[in-house]
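Residue numbers (the numbering used here), protein chains in the order written: chain H, 156 to 544; chain F, 9 to 182.
Accompanying notes for the structure given below.
Below, the structure written as structure tokens:
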């Protein structure tokens, strides 16, 4: 059940009793506006309890469109049958500005900014303090990941999207080193996007662009990109299927979706073998408590299969502490040590004993990295698949 | 990039454009097209390009719809956007507005001052869409209320009307 115009679709999902607006509701046609009103009234008449109006994927709405929504809310107030929930995204400027005042029409209208608290670890991941950790990881992984990206189909001239791009380091490296046509990086962290924009200007990278965005409701057309990346990010979301659906949607038929994920069972080292295993087992469990799946690397093949993707490839990107990597690897583990014991530790209220135990484990791993005969390896799973034509 | 003495793009995303008012009555989809064109052009000046584009397009759309609807078919609309200090200046000048529309337009703009905007906006939300007695009333009120736009107007000879909206740059901040 939908109503649509040249640039918008209004549809109803009976599972959530939710009407979703997508595209641009900018029409001067009274017939179009009346159709939207009639549709809302029709849906309203067939539900019980509550009804949700979701605007997260609506890029623009003119005042005439907004007035129709206001008309409908007054109708709902008058009929007193359903309570109404209005959902918007904070990354689309007009939404919070113009939809919030609508809640004043009736006390049974609940206004929610969907992405203010949309995953458990959001406060930690989107903090500026997370950026050094991301940068250290990229320093270590990039030289190994670059050939993997080529192996998985990233080519010169492609249009690329890096969704959940963090502070933009990898997107900028791809833009500078791989002669792509252009890359758009999207992340929900304002400090990270600010950082990415700053680097882009400083390095004068003209084929990269960064946007604040919600990966579960991307403001991007269908079937646009030749290559879509989502690196080390799906693991932080409790409902990864919402992101995967969007990544698949923006990919053109024949294009490739590239995912990477952690698998803490793949972190090994010697000496201090037992301490290393113990600390990552614990860190994995603590991550679960804030909604992170630090073992999702092994699930990426299933995720791509679930999207009915073809020619699926799976590899590991292996970073070790040999040669010049020793100090970079140590920086990564020092970042993890702080993030796990201090940041996550505070979030889940670890006891002093648990926190000390974690610190001892990470210190053992750092000792392995620095040991003259020590060897350690961090493996990340990389998987990609081709969207059916 | 500047070549052969070309001054290159303005440092503040300034743009101006003149179009026949008739074009918009022939096809209203041009409101969207022109608002997005100006917004995308100007947005490259801003760090958060996507947000700047969304705000500029939203503001220009409402101003343009209002000015086109009150202008005579033979009028021209001169659109201008400039960044000055900490605000954006949106201007649309029409070369031809009939006296009756001009009076109603001036009355509407006078109502949009900060002291009264909250009540005016609330009243407009409570009134039915088809009860609006003058095109663009809700759109301009929305700009004043939701974007804290300062809206002013000047009228000149031969039916010319200038509509100006000043919007703080902070409206584009996340």
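From the three backbone atoms N, C-alpha and C, an ideal C-beta is built for every residue, glycine too.
Can you find a C-beta in chain F that's less than 8 Å from the C-beta of residue i?
| i | result |
| --- | --- |
| residue 261 of chain H | no |
| residue 195 of chain H | no |
| residue 244 of chain H | no |
| residue 280 of chain H | no |
| residue 533 of chain H | no |
| residue 364 of chain H | yes |
| residue 330 of chain H | no |
| residue 253 of chain H | yes |
| residue 247 of chain H | yes |
| residue 345 of chain H | yes |
| residue 298 of chain H | no |
| residue 539 of chain H | no |
| residue 256 of chain H | yes |
Would residue i pass as an interface residue toward chain H - the criterion being a Cβ-Cβ separation below 8 Å?
| i | result |
| --- | --- |
| residue 28 of chain F | no |
| residue 155 of chain F | yes |
| residue 109 of chain F | no |
| residue 169 of chain F | no |
| residue 17 of chain F | For residue 17 of chain F, the predicted structure reports a pLDDT of 42, less than 50, and the residue's modelled location is therefore unreliable. The matter cannot be settled from this model. |
| residue 121 of chain F | no |
| residue 160 of chain F | no |
| residue 146 of chain F | yes |
| residue 38 of chain F | no |
| residue 152 of chain F | no |
| residue 133 of chain F | yes |
| residue 173 of chain F | no |
| residue 124 of chain F | no |
| residue 137 of chain F | yes |
| residue 22 of chain F | no |
| residue 130 of chain F | yes |
Are residue i and residue j closer than 8 Å when you measure CB to CB?
| i | j | result |
| --- | --- | --- |
| residue 358 of chain H | residue 327 of chain H | yes |
| residue 513 of chain H | residue 500 of chain H | yes |
| residue 161 of chain F | residue 113 of chain F | yes |
| residue 502 of chain H | residue 411 of chain H | no |
| residue 490 of chain H | residue 287 of chain H | yes |
| residue 165 of chain H | residue 176 of chain H | yes |
| residue 453 of chain H | residue 536 of chain H | yes |
| residue 170 of chain F | residue 90 of chain F | no |
| residue 324 of chain H | residue 343 of chain H | no |
| residue 285 of chain H | residue 279 of chain H | yes |
| residue 205 of chain H | residue 240 of chain H | yes |
| residue 173 of chain F | residue 67 of chain F | yes |
| residue 385 of chain H | residue 347 of chain H | no |
| residue 246 of chain H | residue 270 of chain H | yes |
| residue 137 of chain F | residue 222 of chain H | yes |
| residue 405 of chain H | residue 377 of chain H | yes |
| residue 451 of chain H | residue 519 of chain H | no |
| residue 527 of chain H | residue 458 of chain H | no |
| residue 248 of chain H | residue 59 of chain F | yes |
| residue 431 of chain H | residue 294 of chain H | no |
Report the CB separation of residue i from residue j in whole angstroms; it is logged as a contact under 8 Å.
| i | j | result |
| --- | --- | --- |
| residue 65 of chain F | residue 215 of chain H | 7 Å |
| residue 339 of chain H | residue 313 of chain H | So it is not a contact: roughly 12 Å between Cβ atoms. |
| residue 333 of chain H | residue 309 of chain H | 6 Å |
| residue 217 of chain H | residue 180 of chain H | 7 Å |
| residue 477 of chain H | residue 56 of chain F | Not quite, the Cβ-Cβ distance comes to about 42 Å (not below 8 Å), so this is no contact. |
| residue 316 of chain H | residue 380 of chain H | 5 Å |
| residue 387 of chain H | residue 417 of chain H | 6 Å |
| residue 191 of chain H | residue 228 of chain H | That pair is no contact at about 13 Å. |
| residue 408 of chain H | residue 543 of chain H | 6 Å |
| residue 446 of chain H | residue 393 of chain H | 5 Å |
Identify the contact partners of residue i in chain C, using a Cβ-Cβ distance below 9 Å as the criterion.
| i | result |
| --- | --- |
| residue 166 of chain F | Here the protein chains are H and F, and chain C is not one of them. |
### Task
Could I get the ranges of all uninterrupted alpha helix (DSSP H) runs contained in the stretch 100 to 182 of chain F, with 4 residues as the minimum, in chain order?
Runs of the alpha helix (DSSP H) inside the stretch 100 to 182 of chain F: 107 to 119, 122 to 134 and 145 to 154.
### Task
Pull out every residue of the stretch 213 to 227 of chain H whose Cβ sits closer than 9 Å to any Cβ of chain F, in chain order.
For chain F, the residues of the stretch 213 to 227 of chain H that bring a beta carbon within less than 9 Å of one of its beta carbons are 214, 215, 216, 217, 218, 219, 221, 222, 223, 225 and 226, in chain order.
### Task
May I ask you to list, following chain order, the residues of the stretch 60 to 93 of chain F that have a beta carbon less than 8 Å from some beta carbon of chain H?
Hits within the stretch, in order: 62, 63, 65, 66, 69, 70 and 73.
### Message
Ignoring anything shorter than 3 residues, give me the beta strand (DSSP E) runs that lie fully in the stretch 372 to 432 of chain H, in order along the chain.
### Response
Runs of beta strand (DSSP E) with 3 or more residues, each lying fully within the stretch 372 to 432 of chain H, are found at 380 to 386, 406 to 416 and 423 to 425, listed in chain order.
#### Entry: alpha helix (DSSP H) segments (min. 4 residues) lying fully within the stretch 469 to 513 of chain H
Taking only runs of at least 4 residues, the alpha helix (DSSP H) segments lying wholly in the stretch 469 to 513 of chain H are 480 to 492.
### Query
Which runs of the alpha helix (DSSP H), 4 residues or longer, sit entirely within the stretch 287 to 356 of chain H?
Within the stretch 287 to 356 of chain H, the alpha helix (DSSP H) runs of at least 4 residues that lie entirely inside it are, in chain order, 324 to 332.
### Query
Taking any Cβ of chain H, which residues in the stretch 41 to 57 of chain F have a Cβ under 9 Å from it, in chain order?
Close to chain H, meaning a Cβ-Cβ distance shorter than 9 Å, are the following residues of the stretch 41 to 57 of chain F: 43, 44, 55, 56 and 57.
#### Entry: Proximal residues, the stretch 171 to 190 of chain H versus chain F, C-beta separation under 8 Å
Listed by position, the residues of the stretch 171 to 190 of chain H near chain F (Cβ gap below 8 Å) are 179, 181, 182, 183, 184 and 188.
### Query
Using a beta-carbon distance cut-off of less than 9 Å, what residues from the stretch 353 to 379 of chain H approach chain F?
So the list reads 353, 356, 364, 365, 366, 367, 368 and 374, given in the order they occur along the chain.
### Query
Curious, which full-length alpha helix (DSSP H) runs of at least 4 residues does the stretch 243 to 269 of chain H contain?
Correct list: 248 to 254.
#### Entry: Those runs of the alpha helix (DSSP H) which lie wholly inside the stretch 28 to 103 of chain F and span at least 4 residues
If we require 4 residues or more, the alpha helix (DSSP H) runs fully inside the stretch 28 to 103 of chain F come out as 29 to 34, 37 to 51 and 57 to 78.
### Query
Mind pulling the alpha helix (DSSP H) runs of 4 or more residues that sit fully within the stretch 181 to 236 of chain H?
Runs of the alpha helix (DSSP H) spanning 4 or more residues and lying entirely within the stretch 181 to 236 of chain H occur at 185 to 200 and 218 to 234, in chain order.
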